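As structure tokens, this is what we get:
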């Protein structure tokens, strides 16, 4: 007599798709890692895209890419609006960044990851590929402790007061870009420290969710809107606050955003505005960083990966270290 295990519909995202998500980001990370340090950003990104698309199309889902590798006319694979999966199973929104930190991978620098998110259909913000203002802090603070319209000085002081420390004990993570010179100067004027990163918007935001281990209290600055949605999914899973605003500074961008359903170009988006319902987030390390270990190609032929996978409803965070021996699944020829 056989016993059949049935999974309720509301648990499908976690019970069936959690490990499938891990497989998707693992494949993308391994494909990109083969080009670490070769100075080839586009080939590394394309390798990750190809691997991720191939694996997504094996999943029992009706998936729609809402955050992808550019928009339809600009990207051959995983463009916004592309349908993925076996067209069977739950309808889900997909957000992908097959290789976050293409420059990091090309230069073999720390922090490149392969990442994606999955959510109930119609629950992720359809963000155009434009810049976005962002501010994020970790969990444990009253709502509104920081504000995207407040100055960097005010936000540092407000966060320090809420944490019960002097501003000098606060560390703010900022992308190292010329456009952020005023933000960096303002933060340092309070006595707070600035940690600069060259790339890695998604991982950067995630860092502030675990300040005890990362030493980062706040993320501040402008970066890609697609990365903002991916980061919002992660923060929904592990806690924290985030506010964002699309930078629609040309008529073309405003028109493009309008076509994607953005009604108010000046709207401030919170986490729930960008990622509602049940969400899953997964990221696999490509190069070793403070978030994840990178792919390791061992002498005996075994490939090692490290992945973090999270779910919003339960707040579960799993770290999965894998040893892969069936190497043909990576299509490495």
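Numbering (this note's numbering), first residue to last: 564 to 896. Ideal Cβ placement from N, Cα and C applies to all residues, glycine included. Bear in mind the structure is a predicted one, so any value in this text is a computation, not a measurement.
Is the distance from the Cβ of residue i to the Cβ of residue j below 9 angstroms?
i: residue 723; j: residue 733; result: yes
i: residue 726; j: residue 780; result: yes
i: residue 762; j: residue 663; result: yes
i: residue 793; j: residue 699; result: no
i: residue 622; j: residue 647; result: yes
i: residue 607; j: residue 598; result: yes
i: residue 676; j: residue 846; result: yes
i: residue 801; j: residue 772; result: yes
i: residue 958; j: residue 672; result: Here the chain covers residues 564 to 896 and nothing more, so residue 958 does not appear.
i: residue 768; j: residue 844; result: no
i: residue 871; j: residue 858; result: no
i: residue 692; j: residue 806; result: no
Could you tell me the distance, in whole angstroms, from the CA atom of residue i to the CA atom of residue j?
i: residue 655; j: residue 629; result: 10 angstroms
i: residue 708; j: residue 714; result: 13 angstroms
i: residue 783; j: residue 737; result: 6 angstroms
i: residue 828; j: residue 600; result: 39 angstroms
i: residue 841; j: residue 684; result: 10 angstroms
i: residue 603; j: residue 764; result: 20 angstroms
i: residue 757; j: residue 837; result: 27 angstroms
i: residue 852; j: residue 881; result: 17 angstroms
i: residue 728; j: residue 743; result: 25 angstroms
i: residue 696; j: residue 690; result: 13 angstroms
i: residue 874; j: residue 681; result: 10 angstroms
i: residue 605; j: residue 718; result: 37 angstroms
i: residue 747; j: residue 804; result: 21 angstroms
i: residue 739; j: residue 785; result: 11 angstroms
i: residue 825; j: residue 808; result: 11 angstroms
i: residue 609; j: residue 754; result: 42 angstroms
i: residue 644; j: residue 777; result: 35 angstroms
i: residue 702; j: residue 770; result: 12 angstroms
In chain order, what residues of the same chain lie with their CB nearer than 6 angstroms to the CB of residue i, ignoring the 5 residues before and after it?
i: residue 614; result: 590, 591, 594
i: residue 626; result: 647, 648, 655, 657
What does residue i pair with, by DSSP beta-bridge criteria?
i: residue 785; result: 696
i: residue 840; result: BP columns for residue 840 are empty, so no partner.
i: residue 845; result: 679, 872
i: residue 860; result: 866
i: residue 807; result: 697, 832
i: residue 734; result: 756
i: residue 882; result: 871
Only counting the same chain, and skipping five residues up and downstream in sequence, which positions put a Cβ closer than 8 angstroms to that of residue i?
i: residue 890; result: 864, 866
Ignore the nearest five residues each way along the sequence and tell me which others in residue i's own chain have a CB closer than 7 angstroms to its CB.
i: residue 612; result: 632, 640, 641, 661
i: residue 860; result: 866
Chain D beta carbons: is any one of them nearer than 9 angstroms to that of residue i?
i: residue 613; result: Included in the structure is just one protein chain, with no chain D present.
task = Check whether the region 814-826 touches the region 647-664, counting contact only when three or more Cβ pairs, one atom from each stretch, lie closer than 8 angstroms.
result = In short, these stretches do not touch, since the Cβ pair count stays below three.
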